[in-house]
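Working notes, beginning with the structure itself.
Residue numbers (this note's numbering): 5 to 468.
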């Protein structure tokens, strides 16, 4: 109270205060909503202020609001409930909502009510309470409610590692809490991921008609630049220190990215960044093309790499979202022009150079049309005859197995990333492989490395 909200909190406000009414809610009706926010983002503080504000709004409209306040255990929700009572009795709050005062009868922190008689609200025949507390873990006596607020249902990785506890929490929600919500009621959860199989991945998900919003502590723009989501409170220096301490914990608690430890694709220590040479035995670009009906949600990724003296060098990577093949080929040419593999004049026309370069798109369904357009545009229209298109056929099997096919090169220190380029997106996808929102950058990298292995003369060295 009295402080301007941070930018990430304004996004919460837009999701919480919908401006819509239902049979039992004013201005906050809508679908059940789960907001996954980084640790330390003031979730409990904002949720408490939101609850206090809604109590005042509904009381001013002479309407009863019954809130079920849920945390991991009832002891935690009881403490949060006491904080909300403190807000209601503050002078600033009473100035705005003078009709709200606490009941002298129902006054425990676990189960309390405002004075409905003083507020002029008829409660005849109703169980008149304002907040009842509960915990997803352990026994809970649910009350019929119009608003269910779930405040950080998971407090630590240790508390959620036991699968029996995870199933118990799901059963408590499905069998005890959800069935007692009024028609038009709403559930709102503010939490943080702690496990790849936690309640945020199994229950509070879109397939169960929940709206899920995911916020990350580190925001990466289209150019790969990173910034803190809350620079006034958490600097990038601090966040990077937390990341170095424990990358898996950071992925969960600050990036809300589920990582199954046994499936992590590569250790960060195996990623080597250094200088790249000026000439190569072979140059090539692996292209992971967006495909199918979900194209608008997928990325097309181009990874430029080269092989020389038994080492693979990742030189550059570009990502683009576009529906048409022409835009994709323009992006490819722009990347190649940056490295003088093709030449560009002042009018934006492209010309071939003396540097041959392979292009490896995956040869399935949608990618077949890319091959046809590539020959028409790159050869017939632009005469870029130093480029060769060689679709990769038989790129089958599960993605993790494909990735493991090139991990030996990392383990033998045979892969070098260009230190003058930002690789944040590829690095995050590689470390959190299988559980990151996208894997397009990794797929493109695997295509490039596979193509270079087939074309270049790679020599493996073994220590005595």
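Even glycine gets a Cβ: it sits at the ideal position worked out from N, Cα and C.
### Message
Taking its Cβ as the centre, do 16 or more other Cβ atoms sit within 10 Å of residue 475, making it buried, or is it exposed?
### Response
Missing from the structure shown is residue 475; the chain here goes from 5 to 468 and no further.
### Task
Rounded to whole angstroms, what's the CA-CA distance from residue 299 to residue 327? Just pull it up for me.
In this prediction, residue 299 scores a pLDDT of 47, lower than 50, which makes its location untrustworthy; the coordinate-derived value is nonetheless stated afterwards. Going from the Cα of residue 299 to the Cα of residue 327 covers about 7 Å.
### Query
What span of residues does the alpha helix (DSSP H) with residue 457 cover, start to end?
444 to 459
### Message
For residue 230 and residue 429, what's the separation of their Cα atoms in angstroms?
### Response
Whole-angstrom Cα-Cα distance: 10 Å.
### Task
Quick one: which unbroken alpha helix (DSSP H) runs of 4-plus residues sit fully inside the segment 181 to 265? Chain order, please.
203 to 206, 240 to 249, 251 to 257
### Message
One question on the structure: do residue 152 and residue 74 come within less than 8 Å of each other, judged by their Cβ atoms?
### Response
Residue 74 sits close to residue 152, with the two beta carbons spaced by under 8 Å.
### Query
Counting pairs of Cβ atoms below 8 Å between the segment 412 to 429 and the segment 246 to 266, do you hit three or more?
By the C-beta criterion, the segment 412 to 429 is judged not to be in contact with the segment 246 to 266, since fewer than 3 inter-stretch pairs fall below 8 Å.
### Query
Taking one C-beta from the segment 93 to 100 and one from the segment 167 to 178 each time, how about it: are there three or more such pairs within less than 8 Å?
no
### Query
So residue 71 packs on residue 149, CB below 8 Å; how close in whole Å?
6 Å
### Message
Between which residues of its own chain and residue 296 is the CB-CB distance below 6 Å, once the five residues before and five after are set aside?
### Response
Unreliable positioning characterises residue 296 in this predicted model, as indicated by a pLDDT of 48, which lies under 50. The coordinate reading is nonetheless provided below. So the list is empty, once near-sequence residues are dropped.
### Buried versus exposed, by CB contacts within 10 Å (16 or more), residue 304
With 16 or more other Cβ atoms within 10 Å, it is buried.
### Task
At 3 residues or longer, and completely inside the segment 55 to 93: list those beta strand (DSSP E) runs for me, N to C.
71 to 75
### Task
Please specify which runs of the beta strand (DSSP E), each continuous and at least 3 residues long, are wholly inside the segment 362 to 436, giving them in chain order.
DSSP runs (the beta strand (DSSP E)) wholly in the segment 362 to 436: 391 to 393, 419 to 422.
### Message
By the three-class DSSP mapping on this structure, what secondary structure does residue 310 have?
### Response
strand
#### Entry: Helix, strand or coil at residue 465 [DSSP, three-state]
With a pLDDT of 49 at residue 465, under the threshold of 50, the modelled position of that residue is not reliable, and the figure given next carries that caveat. Correct three-state label for residue 465: coil.
### Query
Does the Cβ-Cβ distance between residue 53 and residue 291 come in under 8 Å?
no
### Message
If you reduce the DSSP assignment to three classes, tell me which class residue 178 lands in.
### Response
helix
### Query
Which class does residue 296 belong to by DSSP, given the choice of helix, strand or coil?
Unreliable positioning characterises residue 296 in this predicted model, as indicated by a pLDDT of 48, which lies under 50. A coordinate reading is not provided.
### Query
Any idea if residue 358 is buried or exposed, counting beta-carbon neighbours within 10 angstroms, 16 or more meaning buried?
exposed
### Message
Within 10 Å of its beta-carbon, does residue 197 have 16 or more other beta-carbons around it, so buried, or fewer, so exposed?
### Response
buried
### Query
Excluding the five sequence neighbours on either side, which residues of its own chain have a C-beta within less than 6 Å of the C-beta of residue 341, listed in chain order?
348
### As assigned by DSSP and simplified to three states, the class of residue 53
helix
### Message
Nearer than 7 Å: is that true of the beta carbon of residue 140 relative to any heavy atom of the ligand GTP?
### Response
The model on display carries no ligand, and the ligand GTP is accordingly not part of it.
### Query
So is residue 453 buried or exposed if we call it buried at 16+ other beta carbons inside 10 Å?
buried
### Task
Report the partner residues of residue 317 according to the DSSP bridge assignment.
310, 420
### Message
On a Cα-Cα basis, can you pick out the residue from 422, 20, 363 that is closest to residue 336?
### Response
For residue 336, the nearest C-alpha among the options comes from 363.
### Message
If you follow the alpha helix (DSSP H) that residue 100 is in, where does it begin and where does it stop?
### Response
Start and end: 95 to 100.
### Message
I'd like to check one pair, residue 456 with residue 314: are the Cβ atoms closer than 8 Å?
### Response
no
### Message
Is the separation between the beta-carbon of residue 373 and that of residue 329 shorter than 8 Å?
### Response
yes
### Query
Using DSSP with H/G/I as helix, E/B as strand and the rest coil, what is residue 116?
strand
### 8 Å contact criterion, which residue 333 and residue 381 should meet: CB distance rounded
5 Å
### Message
Looking at the strands, I want to know which residues DSSP matches up with residue 168.
### Response
Bridge partners of residue 168: none, in fact.
### Task
List the endpoints of the continuous alpha helix (DSSP H) containing residue 337.
Bounds of the alpha helix (DSSP H) holding residue 337 are 329 to 342.
### At least 3 beta-carbon pairs within less than 8 Å: the segment 185 to 194 vs the segment 98 to 114
no
### Query
Between which two residues does the beta strand (DSSP E) carrying residue 151 extend?
149 to 155
### Bounding residues of the beta strand (DSSP E) (the contiguous stretch that carries residue 136)
135 to 139
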